[in-house]
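Numbered according to the numbering used here, the sequence shown terminates at residue 1817, and the numbering increases by one at each position without gaps.
Every residue gets a Cβ at the ideal spot worked out from N, C-alpha and C, and that includes glycine.
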Amino acid sequence: MKPLYDLVVVGAGTSGCLAAKTAVENGLNVCLIESKSAENIGLKACGDAVGKHHFDNVGLAYPTGSELCWELEGVKIFSPDFETSFRIMGLGAKAFMVNRREFGRRLIKEALDAGVELMDKTTVLKPIIEDNHVVAIRVKGSVFSGVLRGKVFIDASGVSAVLRRNAPEVPGFERIVDRGDLEIAYREIRVSENEIDDKTFGHIYLSQRYAPGGYFWLFPKGSNVVNIGLGVQFSRAKMEIKNYFTRFIDEKLSWLNKAEILDGRGAFVPTRRPLDNMVSNGLIVVGDAACQVNPIHGGGIGPSMTAGKIAGETAVKALEKGDLSYRGLWNYNVAYMRGYGAKQASLDVFRVFLQSISDDELNYGMSRKLITEEDVLKASLYGEVKLTITDKALRFLRLVGKLSLVSRLRKISELMKTVKLHYQSFPENPDDFPRWLVTTRKLVETYKTVGMGNI
Ligand SMILES: Cc1cc2nc3c(=O)[nH]c(=O)nc-3n(C[C@H](O)[C@H](O)[C@H](O)COP(=O)(O)OP(=O)(O)OC[C@H]3O[C@@H](n4cnc5c(N)ncnc54)[C@H](O)[C@@H]3O)c2cc1C
């Protein structure tokens, strides 16, 4: 153990491993702290699906051997009444189903091989702040308990966000995330006696009744193994998440009741735009701790790895320049927001809309193809929703009283474009940030109002 590290990373999940590895490869001495034991890193509640393109984005080799369970060509999205299904496939829809533990072990091995020092079975209790700057952390571990010093810190501790919650006050830094922007999720791995139908597609079931403000998924992990679970908007959860899970299986997928349960666990996922400002003095926040999950489908592994890499690079540059204040770390915000963050923020607009529409409206919109399969793929790739409705369709919609749904969808599609452009022009200079933030808050208020139908 060193008396002072260049960089201390808290949490050895996907974001933390990438951040630590990137920084050590660029010459920093790095300590990575993780509460789990080394062999259990990676073991967590997850749908286990990672888009192929995310590996390309961060230059990571594709999973192979025991790390790779299965490959998916795309997803099939079912309307609440099960009457309509969209089949989304193509390059951007291909995904690996990973063995989560093996995947995590690979990431930590790569970080350790590069020279990262791991302190496992050690929990970070809180940051120590001097002159409004994080200078150290207090830890409790099986080998060492006490104070650990670093020049700069990365909070990669997932939704628990142990440093973010107690970070120094700087402009626009959010310590608390709203309950409406969190999903509570639960999943099981089950082995069925029979082969699964359509086993090269992930299945997504939309339903406000069975998964309010979220969705139910069934992802094949083999010809007869599934990862099955759901997310429910936390502010709308009226009962234990496990009860939502059981109700859907009993009523809609009862064949799964005969399948053997290998594992069951739950956790929270943030599903919103990224935190407005993800740096404080001596601190960078990444992954779930920074709310960097795709707000529509809850996939956070890809963006967390991208952000981890940017955070590692930012720490290196800031140390070179000798400025570890939030201003010195600002480039992390710029790089993330102008890249994945812009798409993520525009998808948040669509998330609010989707969470507010009824099952009837969803059935109607999908059966009439107000949005097509191709549009859904484009939305997930670029964060844009196109709407092409003919005059004939409009006359029909007026007749059946569904025009307001279309006009809301139109407004949402325009707002998505506006929000994306706004994030693509995230200010390079922190002095311009307060003005950007005022516009952001107005836009968020507008899309929440339009999305929830209060127009
Ligand atoms: C049920 C469920 C299903 C999901 N399905 C998918 C999916 O299919 N595909 C996808 O891409 N994403 C999915 N996600 C989201 C994805 O798991 C996360 O977005 C991603 O893992 C974020 O990585 P992270 O590194 O930020 O955090 P995590 O992976 O959560 O890592 C945080 C690490 O920090 C450690 N830690 C926490 N607090 C402390 C502390 N105080 N001291 C020391 N260590 C600490 C934890 O033990 C953990 O190892 C799912 C999430 C859930 C809950």
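Query: Which one of V1496, D1517, K1600 and G1661 has the shortest CA to CA distance from I1395?; Result: D1517
Query: Got a sec, what are the start and stop residues for the alpha helix (DSSP H) T1801 sits in?; Result: F1795 to G1813
Query: What number of angstroms, rounded off, separates the C-alpha of V1371 from the C-alpha of F1515?; Result: 6 Å
Query: Using DSSP with H/G/I as helix, E/B as strand and the rest coil, what is S1775?; Result: helix
Query: I need the boundaries of the beta strand (DSSP E) containing T1668, first residue and last residue.; Result: Segment I1663 to K1683 is the alpha helix (DSSP H) holding T1668; no beta strand (DSSP E) there.
Query: Using DSSP bridges, identify the partner residues of G1335.; Result: This structure cannot settle anything about residue 1335, because the visible part of the chain is limited to 1363 through 1817.
Query: Could you work out which residue in I1490, H1495, N1619 and N1656 is closest to A1741 when comparing CA atoms only?; Result: N1656
Query: Could you tell me the alpha carbon to alpha carbon distance between K1406 and D1543, rounded to whole angstroms?; Result: 21 Å
Query: Note down the Cα distance separating S1787 from I1538, rounded to an integer number of angstroms.; Result: 25 Å
Query: For ligand 1, I want to know if D1625 counts as a neighbour, meaning its beta carbon is within less than 7 Å of at least one of the ligand's heavy atoms.; Result: no
Query: Determine the closest residue to T1426 out of N1461, E1401, V1392 and I1439, with distance taken between C-alpha atoms.; Result: N1461
Query: Use the C-beta contact count for A1423: other C-beta atoms within 10 angstroms, 16 or more gives buried, fewer gives exposed.; Result: exposed
Query: Relative to the C-alpha of K1414, which candidate in I1719, S1441 and W1432 has its C-alpha closest?; Result: W1432
Query: Relative to the alpha-carbon of V1521, which residue among A1381, L1771, A1411 and A1629 has its alpha-carbon at the smallest distance?; Result: A1629
Query: Taking all protein chains shown into account, decide if I1603 is buried (16 or more other Cβ within 10 angstroms of its Cβ) or exposed.; Result: buried
Query: Under the three-state reduction of DSSP, which class applies to D1368: helix, strand or coil?; Result: strand
Query: Can we count C1408 as close to ligand 1, meaning its CB is less than 7 Å from some heavy atom?; Result: yes
Query: Can you tell me which of the three DSSP states G1404 falls into?; Result: coil
Query: Does DSSP put N1589 in a helix, in a strand, or in coil?; Result: strand
Query: Opposite E1545 in the DSSP bridges: which residues?; Result: Q1595 and V1631
Query: Taking 7 Å as the cut-off, does the CB of E1396 come closer than this to any heavy atom belonging to ligand 1?; Result: yes
Query: Using a threshold of 7 Å, is the CB atom of G1664 nearer than that to any non-hydrogen atom of ligand 1?; Result: yes
Query: Return the Cβ separation of I1558 and N1586 in integer angstroms, given the expectation that the two are a contact with Cβ distance under 8 Å.; Result: 6 Å
Query: According to DSSP, is A1523 helix, strand or coil?; Result: coil
Query: Here's a check: name, in chain order, each residue in its chain whose Cβ is nearer than 6 Å to the Cβ of L1709, leaving out the five neighbours to either side.; Result: P1657, I1658 and G1745
Query: Is I1658 helix, strand or coil when you go by DSSP?; Result: coil
Query: Using only the heavy atoms of ligand 3, determine whether one of them is closer than 7 Å to the beta carbon of V1594.; Result: Because ligand 3 does not appear in the structure shown, any question about it cannot be addressed here, the ligands present being ligand 1.
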